[in-house]
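Peer 1: Below is one structure. I have some questions about it.
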Amino acid sequence: MNFTKTTLLKLFILTMLGISLSCENKETSLDIPMPVLAKYSFIISDDTIVTFTNKSVGATSYLWDFGDGTTSNEQNVEHVFPEGEFVVNLMAASGATENSFTREVNIFVPEIIEPVDVVAEAKKILVGTDGTKKWSIAKESKGYSFGPLDDETIDWFVIDMYDENAFTTRVCLFNQEFSFTTDGVYNRVSNGALWKEWQIFETEGCHDTENELVTNAGANVEVWEDGEFTYEITEEGGYAVITIIGLGGYVGHYTSGVDASDFLPQKEHKYIIKSAIPGRIELSSLGYNGDSKAIPNKADRLVRLILVPSEVTVEPVDEEPEEPVEEVDLSSIKTLLSRSWSVEENTGAVSYGPLVGDDVWWSLSENDVLARTCLFDSEFTFSEDGSYSRDVNGTIWKEWSIFTDVECADTSDPLINIDGENVDAWGDGDFTYELSVVDNDTIITVNGMGGYIGHYTSGVDYADYVAHDVHEYKITSISDSELKLSSKGFGGDSKTIPGYDPNKADRIIKISFVPAN
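Going by the UniProt record's numbering, the first residue of the sequence shown is number 1, and it counts up by one from there.
Okay, structure coming up:
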């Protein structure tokens, strides 16, 4: 084969070009490492179990550090934590390339509240710490009251608080004593006189028990005076119920505790304990009165009784030390109180009225409930160790005339009252509380600036529109399902009331709570 110089030159150029192209192809096929991005999400279930979903990109191996001293190299993992706050780190890698992603995981184990034995708790309060306790009807407007069967407002009859003779007229009604013992014995002592009710007896008034006790119908009812009976406590519908066994064994008033209206003694009387706290028991029962004879074998009303410890007069003895004050066991109340509460989202859940009497100046209406949604979002949490916290969950209701705007306001903004003063202390906060018994009332005292319960206008004997460091509330009712508080306080209209005194409350505020969701 003959090659010319031209042909050889062409072959040389083509050969060199091929070598060059081959080298370029080899350079473009080199492996370039892919980037690694670590990422994950998680879901907490069953309080302490956390499921982690790995969302990393470009990784072939993983290392989890759960922040509790344990690790894992699985891609997706489920981990059980103890209670606490943990920083969980995921390191994702591919060869020598690695990347980390960190998030905080908060594990909270809710306290398990043991159900309250309503029978045991009721009996503990009923018989007291010495195994026997004397009670009398409370000298207040609803100490003895009655109303329609279908309405627990009990408003047909209440003691008129504005009548200066209200309690002296019926003094014998409040002088009776009702004693319960741990072994199931119930005693009633009239202390020499019994109230004769309108139409049941010929005349109304206090009757001397030395004389014969005969009704208008000619029936001798002396068993309504003093007597000894037996009793038992059972549970019905979540309430403790007292049943007195024995002819004429009523509590408080002989027209109560029976499903009859025949003006005669009955062999059994039943009372629902609506509320029981040391120093105060509220009873509800079927009953009748002087105007009830239309259906003799059927009760026609609800009767409400409030019992307080009987006042015993002790003659002073010269040079003798005073009797020690009986220490009241408040542990059962603290157990019921120790949970998170919210204001009940219902009409009437918040109301206020005069310092004396049962009048209502204002209460939550349906429109108020719709407008004040943030009022019901706040949570008020008590613990058995005496700590109390308030979480308004980001918003607070600005009350008329206390603030320039009336609205649910974001607590991330400064909270300034109408006088230009900062009241941020009305937002979230941690405080302490203590329980005590004062004049037979169970009192919650909260210590700490702005430590109100329910509403910032409550719990204080002031009307100056600023935060205070002590708040006091009377527990009027408490159970697993409700908490009712009463306290002194003020309102948006306080400064307009004649004789306004910034250092004096001008109203009683009542608030109903339910367990927080």
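Glycine residues also receive a C-beta, built at the ideal position from the N, C-alpha and C atoms.
Give the list of continuous alpha helix (DSSP H) stretches no shorter than 4 residues that lie fully inside the region 154-236.
Peer 2: Entirely contained in the region 154-236, the alpha helix (DSSP H) runs reaching 4 residues are, in chain order, 166-169 and 171-175.
Peer 1: If the criterion is Cβ atoms closer than 9 Å, does the pair residue 525 and Thr457 meet it?
Peer 2: Here the chain covers residues 1 to 517 and nothing more, so residue 525 does not appear.
Peer 1: Contact defined as beta carbons within less than 8 Å: I believe Gly147 pairs with Trp156. What is the distance between those atoms, to the nearest angstrom?
Peer 2: Within the sequence shown, the letter at position 147 stands for residue 147. Within the sequence shown, the letter at position 156 stands for residue 156. That belief holds up - the Cβ atoms of Gly147 and Trp156 are roughly 5 Å apart, short of 8 Å.
Peer 1: Going straight from the alpha carbon of Arg339 to that of Ile444, what length do you get?
Peer 2: The sequence position of residue 339 within the sequence shown is 339, counting from 1. The sequence position of residue 444 within the sequence shown is 444, counting from 1. Those two C-alpha atoms are separated by around 14 Å.
Peer 1: Report the residue ranges of all alpha helix (DSSP H) runs contained in full by the region 79-139; include only those spanning at least 4 residues, in chain order.
Peer 2: Fully enclosed alpha helix (DSSP H) runs of 4 or longer: 118-127.
Peer 1: Taking Leu485 as the reference, which of Gly454, Tyr500, Arg507 and Gly491 has the closest Cα?
Peer 2: Residue numbering aside, residue 485 sits at position 485 when the sequence shown is read from its first letter. When only C-alpha atoms are compared, the closest one is Gly454.
Peer 1: Is it the case that the region 42-50 contacts the region 70-89, given that we only count it when at least three CB pairs across the two stretches are under 8 Å?
Peer 2: Yes, they touch.
Peer 1: Compare the Cα-Cα distances from Asp506 to each of Leu364, Asp430 and Leu355 and report the closest residue.
Peer 2: Here the question's residue 506 lines up with position 506 in the sequence shown. Nearest option by C-alpha distance: Leu355.
Peer 1: If we call anything under 9 Å between Cβ atoms a contact, is Leu126 one with Ile281?
Peer 2: Walking along the sequence shown from the start, residue 126 turns up at place 126. Walking along the sequence shown from the start, residue 281 turns up at place 281. Cβ distance < 9 Å, so Leu126 and Ile281 count as in contact.
Peer 1: What separation, rounded to the nearest whole angstrom, lies between the Cα atoms of Ala219 and Leu264?
Peer 2: Walking along the sequence shown from the start, residue 219 turns up at place 219. Walking along the sequence shown from the start, residue 264 turns up at place 264. In a straight line, the C-alpha of Ala219 is about 7 Å away from that of Leu264.
Peer 1: Check each candidate in Asp259, Asp461 and His253 and name the one with the smallest Cα separation from Leu149.
Peer 2: Residue mapping note: residue 149 aligns to position 149 of the sequence shown, counting from 1. Ranking Asp259, Asp461 and His253 by Cα distance to Leu149 puts Asp259 first.
Peer 1: Within the continuous beta strand (DSSP E) that includes Glu472, where are the two ends?
Peer 2: For the purposes of this step, residue 472 is taken as the residue at position 472 of the sequence shown. Its beta strand (DSSP E) spans residues Val470 to Ile478.
Peer 1: Can you tell me the Cα-Cα spacing of Pro515 and Arg390, whole angstroms?
Peer 2: Counted from its first residue, the sequence shown places residue 515 at position 515. Counted from its first residue, the sequence shown places residue 390 at position 390. Whole-angstrom Cα-Cα distance: 14 Å.
Peer 1: Identify every run of the beta strand (DSSP E) within the region 284-365, keeping only runs that are complete inside it and at least 3 residues long; order them along the chain.
Peer 2: Taking only runs of at least 3 residues, the beta strand (DSSP E) segments lying wholly in the region 284-365 are 301-309, 340-343 and 350-353.
Peer 1: If you draw a straight line from the C-alpha of Glu407 to the C-alpha of Ser383, how long is it?
Peer 2: Here residue 407 refers to the residue found at position 407 of the sequence shown. Here residue 383 refers to the residue found at position 383 of the sequence shown. Rounded to whole angstroms, Glu407 to Ser383 spans 31 Å at the Cα level.
Peer 1: Can you tell me which of the three DSSP states Asn367 falls into?
Peer 2: Start at 1 with the first residue of the sequence shown, and residue 367 comes out as number 367. Of the three classes helix, strand and coil, the one that applies to Asn367 here is helix, per DSSP.
Peer 1: Using three-state DSSP, classify Lys26 as helix, strand or coil.
Peer 2: Locating residue 26 in the sequence shown gives position 26, where the first residue counts as 1. With a pLDDT of only 48 at Lys26, under 50, the local geometry of the prediction cannot be trusted, and no value is derived from it.
Peer 1: Which first and last residues belong to the beta strand (DSSP E) in which Glu268 is found?
Peer 2: Walking along the sequence shown from the start, residue 268 turns up at place 268. Its beta strand (DSSP E) spans residues Glu268 to Ile277.
Peer 1: Nearest by alpha-carbon distance to Ile233: which of Trp224, Ile272, Gln266 and Ile200 is it?
Peer 2: One-based indexing of the sequence shown puts residue 233 at position 233. Among Trp224, Ile272, Gln266 and Ile200, the Cα nearest to that of Ile233 belongs to Ile272.
Peer 1: Is Ser331 buried or exposed, if buried means 16 or more other CB atoms sit within 10 Å of its CB?
Peer 2: Residue 331 sits at position 331 when you count from the first residue of the sequence shown. Exposed, by the Cβ-count rule.
Peer 1: Have a look at Val119 and Leu173 and give me their C-alpha separation to the nearest angstrom.
Peer 2: Taking the first residue of the sequence shown as 1, we reach residue 119 at position 119. Taking the first residue of the sequence shown as 1, we reach residue 173 at position 173. So the two alpha carbons sit approximately 28 Å from each other.
Peer 1: Please report how far the alpha carbon of Ala139 lies from the alpha carbon of Glu177, in whole angstroms.
Peer 2: For this step, residue 139 is matched to residue 139 along the sequence shown. For this step, residue 177 is matched to residue 177 along the sequence shown. The residue you asked about is not Ala; residue 139 is Lys in the sequence shown. The straight-line gap from Cα to Cα measures roughly 13 Å.
Peer 1: What is the C-beta distance between Leu302 and Leu286, in whole angstroms, given that I count them as a contact (C-beta under 8 Å)?
Peer 2: Residue mapping note: residue 302 aligns to position 302 of the sequence shown, counting from 1. Residue mapping note: residue 286 aligns to position 286 of the sequence shown, counting from 1. The pair is a contact, with the Cβ atoms about 7 Å apart (cut-off 8 Å).
Peer 1: Count the other CB atoms, across all protein chains shown, that sit within 10 Å of the CB of Pro498; report buried if there are 16 or more and exposed otherwise.
Peer 2: Numbered from 1 along the sequence shown, position 498 holds the residue referred to as residue 498. Exposed, because fewer than 16 other Cβ atoms sit within 10 Å of the Cβ of Pro498.
Peer 1: So, helix, strand or coil for Thr411, using DSSP?
Peer 2: Here residue 411 corresponds to residue number 411 of the sequence shown, with the count starting at 1. Residue state, collapsed to three classes: coil.
Peer 1: Below 8 Å on the Cβ atoms is my guess for Gly227 versus Arg188; work out the distance and round it to an integer in Å.
Peer 2: Here residue 227 is taken as the residue at index 227 of the sequence shown, counted from 1. Here residue 188 is taken as the residue at index 188 of the sequence shown, counted from 1. Indeed they touch by this definition, with Cβ atoms about 5 Å apart.
Peer 1: Report the partner residues of Lys488 according to the DSSP bridge assignment.
Peer 2: Taking the sequence shown and counting its residues from 1, one reaches residue 488 at position 488. For Lys488, which the question treats as bridged, DSSP gives the partners Ile508.
Peer 1: Decide if Pro309 is buried, meaning its Cβ has at least 16 other Cβ atoms within 10 Å, or exposed.
Peer 2: Taking the sequence shown and counting its residues from 1, one reaches residue 309 at position 309. Classification of Pro309: buried, given that the 10 Å Cβ count is 16 or more.
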